[in-house]
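Taking the working numbering, the leading residue of the sequence shown gets 14, the next gets one more, and so forth.
Notes for the one structure printed next.
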Amino acid sequence: MRPDDLPEVLSVQAQAYGSAMLESEAALASRLHLSPATCWVTTDAMDVMALANVDARHAPARAATSNAERSRVAGYLFTHPWQIAAPPPLDTVLDTLPDAPDCWYVHDMALAPRTRAAGVASRLYAAALESARGLGLQVSALVAVQQSQGFWARFGYAVATDVSPLIAAKLAGYGDGAVFMTRRL
């Protein structure tokens, strides 16, 4: 992902979420700035299958060189190293990553409606997971919103049923039905 992808990322976000769940460009840009190797985008012209074969430090930046090859963002995935006991609140600008991260935090994945049911999410997540395993972390965490826990369960995540009061308080900021989920890497 590149900083100039963010306007299109915001467009995909607006298609995927209700207005109460939308995050600011500043919040998303902070994650990209702090952890560019773990933030991903796919475009209409990109073969997402190729993502798994691309070095994550440089990808999945668009390979397009002409206006004809540059196409719209079709989906995105923001992730970053973090601490499992303290998921960041929704729509928060992050100033720094933790000194001692203990999880790969999956902040947000969204797809444009035109790409859903085409396997894009699975391939995008698989490419990111391969990269995440190189971070040396043992666990991944996320907050599932809008009744998406079934979607994330397909990627090996399970709902954490015994969460700390801190996590429970943060879940309230993610909307009704938000759940904290984890998986081993």
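All C-beta atoms in this analysis are idealised placements derived from N, C-alpha and C, irrespective of residue type, glycine included.
Whether residue i touches residue j by CB criterion (8 Å)
i: Leu198; j: Trp117; result: yes
i: Arg196; j: Tyr170; result: yes
i: Tyr138; j: Phe91; result: no
i: Gly190; j: Gln160; result: yes
Backbone CA spacing between residue i and residue j [nearest angstrom]
i: Gly163; j: Met194; result: 11 Å
i: Arg85; j: Ala99; result: 34 Å
i: Ala29; j: Val106; result: 21 Å
i: Leu110; j: Gln96; result: 9 Å
i: Asp57; j: His120; result: 22 Å
i: Leu23; j: Leu142; result: 23 Å
Cβ-based burial, residue i [other Cβ within 10 Å; buried from 16]
i: His46; result: exposed
i: Ala181; result: exposed
i: Ser144; result: buried
i: Asp17; result: exposed
i: Ser32; result: exposed
i: Ala134; result: buried
Run of the alpha helix (DSSP H) containing residue i, from where it starts to where it stops
i: Leu179; result: Pro178 to Ala185
i: Ala87; result: From DSSP, Ala87 is part of no alpha helix (DSSP H) but of the beta strand (DSSP E) over Val86 to Trp95.
i: Tyr138; result: Val133 to Arg146
i: Ala113; result: It is not in any alpha helix (DSSP H) - Ala113 carries neither H nor E in the DSSP assignment.
i: Ser24; result: Leu19 to Ala29
i: Arg44; result: Glu38 to Leu47
Cβ neighbours of residue i in the same chain (closer than 7 Å, five flanking residues each side left out)
i: Leu19; result: Glu38, Leu41 and Ala42
i: Pro102; result: Lys183 and Gly186
i: Trp165; result: Leu155, Ala157 and Met194
i: Arg44; result: Cys52, Phe91, His93, Leu107 and His120
Cβ-based neighbour list, residue i, same chain, cut-off 8 Å, excluding 5 preceding and 5 following
i: Val25; result: Val86, Ala87, Gly88, Tyr89, Ala123, Leu124 and Ala125
i: Val152; result: Ile97, Asp115, Cys116, Trp117, Thr195, Arg196, Arg197 and Leu198
First through last residue of the beta strand (DSSP E) which encompasses residue i
i: Leu155; result: Val152 to Ala157
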